[in-house]
Amino acid sequence: MANIVEISSVVKKFGDFTAVDHVSISVKEGEIYGILGPNGAGKTTTINMLLGILPITSGAIHIAGLDIAKNPEKVKQLIGMMTQETVVETDLTARQNLEIFAALYHISEPLRSRRVAEALKEAELEKFAEVKAGTFSGGMQRRLELVKSMIQDPKLLILDEPTTGLDVQNRLSMWERIRALNASGVTIILTTQYLEEADALCDRIAIIDHGVVKAIGTPSELKSMVSKGNILEITLKLSDAEKAYRALKGRLKIPLEIRGDRILGSLEKADSSAISNAISILEREHIQPLAIGTHLPTMNDVFVKLTGSALRDTTGEQTSSMIKMRHGIPR
Ligand SMILES: Nc1ncnc2c1ncn2[C@@H]1O[C@H](COP(=O)(O)OP(=O)(O)OP(=O)(O)O)[C@@H](O)[C@H]1O
Ligand SMILES: [Mg+2]
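Take a look at the structure:
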């Protein structure tokens with residue numbers, strides 16, 4: 005498949021500060037592509053350059069083969085965009101919000117009425133068409149924004165943190181809407197701070213931190229970078245961690261890392277003997293782990309490995325398989 009988006013070594017500086025540092029990303033037609041990173045990673049800055057809202061300091065961006073610096077108007081017609089902040093006009097009804105946006109894209113009657121009616125239906129807002137958007141719940145406003153961003157029927161849809169701030173139910177419903185749009189042929193780029201979202205929704209993910217791309221791959225490629233088999237994870241009192249690490253390092257014949265109060269090991273395969281071996285090594289040192297267990301690599305493991313810190317709002321899957329230890333006895 006051809007690349008619909010080609011971001012080539014793009015840099016964005018605000019004064020002396022480099023917000024985006026030689027980012028190169030290519031998105032294939034038909035993909036759901038995730039840009040995953042914490043607050044301040046440079047996600048919105050990258051998106052704003054894609055849209056031509058922010059000038060690029062250096063590098064180039066091509067969309068559908070067009071250099072955006074040379075063809076800003078043409079490129080705008082190809083892209084639908086949902087911004088990070090909700091921007092529905094609260095004093096206008098759902099229908100009026102859509103009509104104004106359609107007019108901005110020079111969609112004239114009778115197509116305009118048809119597109120607006122379809123959009124209201126897609127957003128499940130038909131019953132609320134004549135109600136002011138300011139009275140809508142957060143989920144309804146996001147739904148209205150999503151269909152608004154699709155009003156001119158773009159090939160490429162860019163969603164800046166489409167689910168941040170939504171409750172679980174609205175988040176899952178947004179995922180379904182994104183998947184349905186993608187199935188209808190729209191290429192989607194979305195930014196997210198949620199590991200679980202990137203994992204569940206995206207064909208490929210670029211992980212960025214401090215403006216730098218740390219890794220790019222499918223969710224399974226990224227996870228197999230961390231470990232081909234399972235991860236051994238031992239949680240300790242912070243004051244025990246260093247001593248435990250030294251004791252385990254020589255005796256467990258696996259690659260080990262220490263991250264604060266946790267020790268992580270990379271196992272070739274699911275190997276329960278690693279757990280019992282680790283427990284007996286620690287017992288000899290009179291160290292009691294708080295929890296010990298193995299799990300398949302998660303996006304959280306990938307993120308920790310690449311950035312050195314955990315991303316907030318992880319799925320909880322990581323600790324679910326852990327054996328919590330109390331007085332040396334699994335519970
Ligand atoms: N107009 C600006 N002037 C100066 N610095 C800016 C400007 N816009 C963004 N930055 C800085 O650039 C960095 C990247 O910001 P950006 O908004 O792209 O992050 P983000 O990944 O979208 O974060 P979030 O998840 O919080 O939305 C941040 O350190 C931010 O403070
Ligand atoms: Mg942002």
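According to my numbering, the sequence shown holds residues 5 to 335 in order.
Ideal placement from N, C-alpha and C gives every residue a C-beta, glycine not left out.
Computed from a prediction, not measured in an experiment: that's the story for all the values here.
For residue i, which three-state DSSP category applies?
i	result
L271	coil
T319	With a pLDDT of 37 at T319, under the threshold of 50, the predicted position of this residue should be treated as unreliable, and no value is reported.
A251	helix
V79	helix
E130	helix
N7	strand
R330	Model confidence at R330 stands at a pLDDT of 45, short of 50, so the residue's coordinates are unreliable and nothing is read from them.
K125	helix
K47	helix
L58	coil
V15	strand
V135	coil
L256	coil
S177	helix
S30	strand
S325	Its pLDDT being 38, under 50, S325 is placed unreliably by the model, and the measurement read from it follows with that caveat. Residue state, collapsed to three classes: coil.
Give me the Cβ distance between residue i and residue j, rounded to the nearest whole Å; I'm assuming they're in contact under 8 angstroms.
i	j	result
N7	K32	6 angstroms
A181	L150	Note that residue 181 is Arg in the sequence shown here, rather than Ala. Rounded, the Cβ-Cβ distance is 6 angstroms, consistent with contact.
L242	D207	The Cβ separation is near 39 angstroms, so there is no contact.
A68	L96	About 32 angstroms separates the two Cβ atoms, so there is no contact after all.
L170	G143	6 angstroms
V15	T61	5 angstroms
A282	I235	The Cβ separation is near 13 angstroms, so there is no contact.
E35	T168	With a Cβ gap of about 21 angstroms, E35 and T168 do not count as contacting.
W179	L205	6 angstroms
I65	L54	6 angstroms
I279	T298	7 angstroms
Classify residue i as buried or exposed, calling it buried when 16 or more other Cβ atoms lie within 10 Å of its own Cβ.
i	result
A106	buried
D164	buried
I11	buried
V172	exposed
T139	exposed
T222	exposed
P166	buried
G44	exposed
H110	exposed
F18	exposed
A2	Residue 2 lies beyond the range of the chain shown here (5 to 335); nothing can be said about it.
I51	buried
S153	buried
V71	The sequence shown places Asp at residue 71, rather than the Val named in the question. D71 comes out exposed.
I212	buried
T94	exposed
D305	buried
P337	One cannot answer for residue 337 here, as it falls past the ends of the chain, which runs 5 to 335.
A210	buried
L252	buried
D157	exposed
E287	exposed
Q81	exposed
I296	buried
V91	exposed
R250	exposed
Which runs of the beta strand (DSSP E) fall wholly inside the stretch 181 to 246 and span at least 3 residues, in chain order?
You should have 191 to 196, 208 to 213, 216 to 221 and 235 to 239.
Could you give the uninterrupted runs of the alpha helix (DSSP H) lying entirely in the stretch 138 to 173, keeping only those of 4 residues or more?
142 to 153
Ignoring anything shorter than 3 residues, give me the beta strand (DSSP E) runs that lie fully in the stretch 82 to 106, in order along the chain.
83 to 86
Taking contact to mean 3 or more Cβ pairs, one atom from each stretch, closer than 8 angstroms, check whether the stretch 204 to 219 and the stretch 274 to 294 are in contact.
no
Ordered list of alpha helix (DSSP H) runs contained in the stretch 276 to 308, each at least 4 residues
The alpha helix (DSSP H) runs lying completely inside the stretch 276 to 308 and spanning 4 residues or more are 277 to 288, given in chain order.
Pairs of beta-carbons, one from the stretch 251 to 260 and one from the stretch 268 to 285, closer than 8 angstroms: are there three or more?
yes
Would you call the stretch 223 to 230 and the stretch 298 to 312 in contact, with 3 or more CB pairs under 8 angstroms?
yes
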